[in-house]
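In the working numbering, each residue carries its 1-based index in the sequence shown increased by 237. Quick reminder that beta carbons are idealized off the backbone N, C-alpha and C, glycines included. Please read all numbers here as calculations on a predicted model, not as lab measurements. Report on the structure given below.
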Amino acid sequence: SDLAMMQLADSQSGPKLQSISLRSCTLVTGDAVNGIARRCTSLTRLDLAGCERVRGDAVVALMHTCHLLTDLDLTQCHLVGDAHLGAMATAFTRVTRL
């Protein structure tokens, strides 16, 4: 859930996390992604496949803080539109898989 993910992100471990998989966590929304963007700045991999409630604006927030991100899975994230993907493709210079 969003609350559990935000608690993890806000913990002492949050800034040290390098990989998070929320695959098919249907209760996760953009609020959790905003929490990740705010605190989990060492991320290199984030799997949001199947998180149908995640919005594009929340994913774009990752661009400003998660500069080490190389792998971002947005499969079946239907609220992430083409404009968001375009912005991410130009901003995430290290991403090798989007």
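Determine the closest residue to Ala-326 out of Thr-266, Leu-316, His-315 and Asp-308, with distance taken between C-alpha atoms.
-> Asp-308
Could you check where the beta strand (DSSP E) with Arg-282 kicks off and where it finishes?
-> 282-284
For Leu-309: DSSP bridge partner residues = Leu-283
State the CB to CB distance for the pair Leu-306 and Val-265, rounded to an integer number of angstroms; the pair is presumed to be in contact (CB under 8 Å).
-> Incorrect: roughly 17 Å between the Cβ atoms, too far for contact.
Can Ala-274 and Met-242 be called in contact, C-beta distance under 7 Å?
-> no
Does the distance from the CB of Gly-293 to the CB of Gly-323 come in under 7 Å?
-> no
Rounded distance between the beta-carbons of Ala-246 and Cys-277, thought under 8 Å | 5 Å
Closest residue to Cys-303 among His-321, Leu-311, Ala-328 and Leu-316 (Cα-Cα distance) = Ala-328
The beta strand (DSSP E) with Ser-256 in it runs from where to where?
-> 256-258
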